[in-house]
Amino acid sequence: QFGEGNFLRAFADYFVDAANEKAGFDAKVAVVQPIAQGGLKGRFDAQDCLYTLYLRGFEGGAEVSRKRVVSSIGRFIDPYEDPGALWAAAANPSLRYVVSNTTEAGIAYDGSCAYGDMPPSGFPAKLARFLHERWKAFGGGGGGSGGLIILSCELIDDNGKELAACVRRHASDWGLEAGFTRWLEDECLFCSTLVDRIVTGYPGAEASRLNAENGYEDGLLDAGEAFGLWVIEGPEWLAGELPFARAGLPVKVVADHAPYKKQKVRILNGAHTSMAPVAWLCGLDIVRDCMRDEDVLAFFRRAVWREIIPALPLPRRESEAFAASVEERFRNPFIDHALLSIALNSTSKWRARVLPSLKEYAARNGSLPACLAFGLAAGIALCAGASMETAGGRAYVRRGGQAFELRDDAHALEFYAKNGGRDSADLARLALSNAELWGEDLAAVPGLEAFVAEKLGDIRGRGMRPALRALLKEAGQ
């Protein structure tokens, strides 16, 4: 496993641990430290790689809090101290899977990495050398094969395909044998995956109390939400080989993970992005507050059930079940997810997470999705209300006499600093026609400019709460 962080320990390592218990998987994880950082191996070794994991939230309307001492990690490898240990692990005949989460930047080709580096700095380069060591250990691929299944968990599109492409490029640049390249193609399976679990990590504010309750000091405490989903794109036989389904774990092996990615991005992330400016301008601060607010909850439900779900490719029943789980996740009493954190880089997020739903709804129905379009107006209202510092280029919004920093793409902040004082009709026209903001001219969407101008004027004139209530009344919430 390349990556020792909180996410994998609350996700993949937890699944392996549960599968060991419930499905006789009998597996151990060898964790590889992906970047040079002193002291990590000592922290894991001091606890025999054991740690306590808390998974908390709502399930089926009831609050749940589960504690588990996870014992699936067998050893910790620091390749910067002992690269030989990493190459030796490649030769292990019982090795079958490689899991990774090296952040979005981890899957990137770095031409400066050399085969002889001890070890190569980039993750794809490490993996290329690792796989070549395995190929050699199995006689150059002859007879024993030794092929591996690689499960990439990085948060980029088609993560498995991108990782495979980087590995093949390193093999080519390093002049490795043609037989090795054929082995990569024929015997190794690079799976793209979708991972979904909010992991808050070390619960610092609670650590003293939790350690006292447990009666031991755990420097590797980890915490996350109860919900989890791992969608792995792979052949049908892989579903039979992996034990997770037999253990009752939320892991799916499917022919195409893209519909699940679309469902997650459009429902969970799209709802976050649409709701955040509306809720914050209503005076709320965290996601959990939104689920307790009658107006914002009605906005959320209409946006998801009536405007987003109908355009999704998965069966409606499946998408509705996911949407219900999202509402429960938003109610989680153990996670304080700040609305202004969600609003970080909100322009590019709206473009990726919400715009496709808005356009598909409009094309399908010949009308605008009221809540998604209103959320766009709310986002413009929030950004246009920001004031820029003359030094440092920082933007601040005020509410109740208090200033809050608003962080977005530089070109978006510059646009609103220049045009935020215009009247609503003019601002709507300029904002929607700015292709740099949205990747296209949104003024070309029939009726959108007039709708945004009207709602922007209402938000500015009456305030968010009255404007939101008027929208819900018009839409017949």
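Residues in the sequence shown are numbered from 937 upward in steps of one, following our numbering. Beta carbons: idealized from backbone N, C-alpha and C, even for Gly.
Which residue comes first and which comes last in the alpha helix (DSSP H) that contains Y950? What you label residue 950 is simply residue 14 of the sequence shown in a count that begins at 1. Its alpha helix (DSSP H) spans residues A948 to A959.
N-terminal and C-terminal residue of the beta strand (DSSP E) that A1386 is part of: Here residue 1386 corresponds to residue number 450 of the sequence shown, with the count starting at 1. No beta strand (DSSP E) contains A1386, which is instead part of the alpha helix (DSSP H) from L1384 to R1398.
Measuring alpha carbon to alpha carbon, tell me which residue in F1258, S1284 and A1314 is nearest E1372. As a first step, residue 1372 is located in the sequence shown; it is residue number 436 there, counting from the start. Closest in C-alpha terms to E1372, from the list F1258, S1284 and A1314, comes S1284.
Simplified DSSP state of D1158, which is helix, strand or coil: Counted from its first residue, the sequence shown places residue 1158 at position 222. Strand.
Is the beta carbon of A1279 closer than 7 Å to that of A1212? As a position in the sequence shown, residue 1212 is number 276, starting the count at 1. As a position in the sequence shown, residue 1279 is number 343, starting the count at 1. Against a cut-off of 7 Å, the Cβ pair of A1279 and A1212 comes out as a contact.
Residue nearest to R1405 in terms of C-alpha spacing, selected from V1214, D1272 and D1345: Within the sequence shown, the letter at position 469 stands for residue 1405. Considering only alpha carbons, the answer is V1214.
Where does the unbroken alpha helix (DSSP H) through E1256 begin, and where does it stop? Position 320 of the sequence shown holds residue 1256. It spans R1252 to F1266 - the alpha helix (DSSP H) in which E1256 sits, taken as one unbroken run.
Is it right to say P1060 is buried, meaning 16 or more other beta carbons lie within 10 angstroms of its own, or is it exposed? Within the sequence shown, the letter at position 124 stands for residue 1060. In this structure P1060 is buried. Its beta-carbon is surrounded by 16 or more other beta-carbon atoms within 10 angstroms.
Would you list the residues sitting across from G993 in a DSSP beta bridge? Stepping through the sequence shown from its first residue, residue 993 is reached at position 57. In the DSSP secondary-structure assignment, G993 is bridged to V1000.
Is A1334 helix, strand or coil by DSSP? Along the sequence shown, one-based indexing puts residue 1334 at 398. Just to set this straight, residue 1334 is Arg in the shown sequence, not Ala. Reduced to three states, the DSSP call for R1334 is strand.
Compute the beta-carbon to beta-carbon distance between G1096 and C1127, rounded to the nearest angstrom, for a pair I have assumed lies under 8 Å. Counted from its first residue, the sequence shown places residue 1096 at position 160. Counted from its first residue, the sequence shown places residue 1127 at position 191. The beta carbons of G1096 and C1127 sit about 5 Å from each other, so the pair counts as a contact at 8 Å.
For L1125 versus A1234, is the C-beta distance shorter than 7 Å? Within the sequence shown, residue 1125 is the residue found at index 189, counting from 1. Within the sequence shown, residue 1234 is the residue found at index 298, counting from 1. It is not a contact, given that the beta carbons lie outside the stated cut-off.
In this structure, does DSSP put T1136 in helix, strand or coil? Indexing the sequence shown from 1 puts residue 1136 at position 200. The DSSP-derived three-state label of T1136 is coil.
Suppose the cutoff is 6 Å on Cβ atoms and the five residues either side in sequence are ignored; what does the same chain contact list for K1062 look like? Indexing the sequence shown from 1 puts residue 1062 at position 126. Closer than 6 Å at Cβ, skipping near neighbours: P1055 and P1056.
Using the Cβ count rule (16 or more neighbours within 10 Å means buried), how would you classify S1108? Residue numbering aside, residue 1108 sits at position 172 when the sequence shown is read from its first letter. Classification of S1108: exposed, given that the 10 Å Cβ count is below 16.
May I ask you to list the residues that DSSP assigns as paired with F1012? Against the sequence shown, residue 1012 aligns to sequence position 76. DSSP output for F1012 lists V967 as bridge partner(s).
Using 8 Å for Cβ pairs, my map puts A1207 next to V1262. What's the rounded Cβ distance? Within the sequence shown, numbered from 1, the residue matching residue 1207 stands at position 271. Within the sequence shown, numbered from 1, the residue matching residue 1262 stands at position 326. About 7 Å separates the two Cβ atoms, so the contact holds.
Using DSSP's beta-bridge definition, name the partner residues of M1227. As a first step, residue 1227 must be located in the sequence shown, where it is residue number 291. Looking at the DSSP assignment, M1227 forms no beta bridge with any residue, so it has no partner.
Could you spell out the range, first to last residue, of the beta strand (DSSP E) harbouring W1166? Sequence index remark: in the sequence shown, residue 1166 carries index 230 (1-based). Residues L1165 to E1169.
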